[in-house]
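At position 34 of the sequence shown (counting the first as 1) the number is 34 in the UniProt record's numbering, and the numbers step up by one without a gap.
Each remark here refers to the structure printed beneath this line.
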Amino acid sequence: MMHIRENYFIEKDEKTYILKKRKTTDQGQTAYDELGAYDSIKEAKDAAIKEMIREEVNRRKSAPLHEIIPLMKQKHRELSGDNQFFYKVTWEM
1 MMHIRENYFI
11 EKDEKTYILK
21 KRKTTDQGQT
31 AYDELGAYDS
41 IKEAKDAAIK
51 EMIREEVNRR
61 KSAPLHEIIP
71 LMKQKHRELS
81 GDNQFFYKVT
91 WEM
């Protein structure tokens, strides 16, 4: 499984790339929610970017739209640059 950023991971199976998000269960154990399956790593990466942007926007629910739109654009620029996005990639066994 490839660690992308924060709690996001991509796992490869025979045919697809599966985007997962790490969480802690009520019992304190680590678990992963499957967020989607994609044909390419680029599609999985793009989906991860959208999820991270969505989380950031949700954290600022009370912010007016004129503040949210530039935030979304900035976050997308930060996360979509290939070198920036994959800078912290690590593999877990």
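Glycine included, each C-beta is placed from N, C-alpha and C at the ideal position.
Within the same chain, show all residues whose beta-carbon is closer than 7 Å to that of ALA47, passing over the 5 residues directly before and after it, in chain order.
-> Residue numbering aside, residue 47 sits at position 47 when the sequence shown is read from its first letter. Counting only Cβ-Cβ distances below 7 Å, and skipping sequence neighbours, we find LEU19, LEU35, GLY36 and TYR38.
Expressed to the nearest angstrom, what Euclidean distance is found between the alpha-carbon atoms of LYS75 and PRO64?
-> Within the sequence shown, residue 75 is the residue found at index 75, counting from 1. Within the sequence shown, residue 64 is the residue found at index 64, counting from 1. If you take the alpha carbons of LYS75 and PRO64, they lie about 17 Å apart.
Buried/exposed call for ILE49, threshold 16 Cβ in 10 Å = Walking along the sequence shown from the start, residue 49 turns up at place 49. When all chains shown are included, ILE49 counts as buried.
Inspect the beta-carbon positions of ALA44 and ILE10 and report whether they are closer than 8 Å.
-> Along the sequence shown, one-based indexing puts residue 44 at 44. Along the sequence shown, one-based indexing puts residue 10 at 10. Yes, they are a contact pair.
Taking the alpha helix (DSSP H) that ALA47 falls in, what are its first and last residues?
-> As a working mapping, residue 47 is identified with position 47 in the sequence shown. In this chain, the alpha helix (DSSP H) harbouring ALA47 covers 41–59.
Between the beta-carbon of LYS21 and the beta-carbon of TYR8, is there less than 8 Å?
-> The count along the sequence shown starts at 1 and reaches residue 21 at position 21. The count along the sequence shown starts at 1 and reaches residue 8 at position 8. Against a cut-off of 8 Å, the Cβ pair of TYR8 and LYS21 comes out as a contact.
Apart from the five residues on each side of it in sequence, which residues of its chain come closer than 6 Å, Cβ to Cβ, to LYS73?
-> Residue mapping note: residue 73 aligns to position 73 of the sequence shown, counting from 1. Answer for LYS73: no residue qualifies.
Going by other Cβ atoms of all chains shown within 10 Å of its Cβ, with 16 needed for buried, is ILE69 buried or exposed?
-> The count along the sequence shown starts at 1 and reaches residue 69 at position 69. ILE69 should be labelled exposed.
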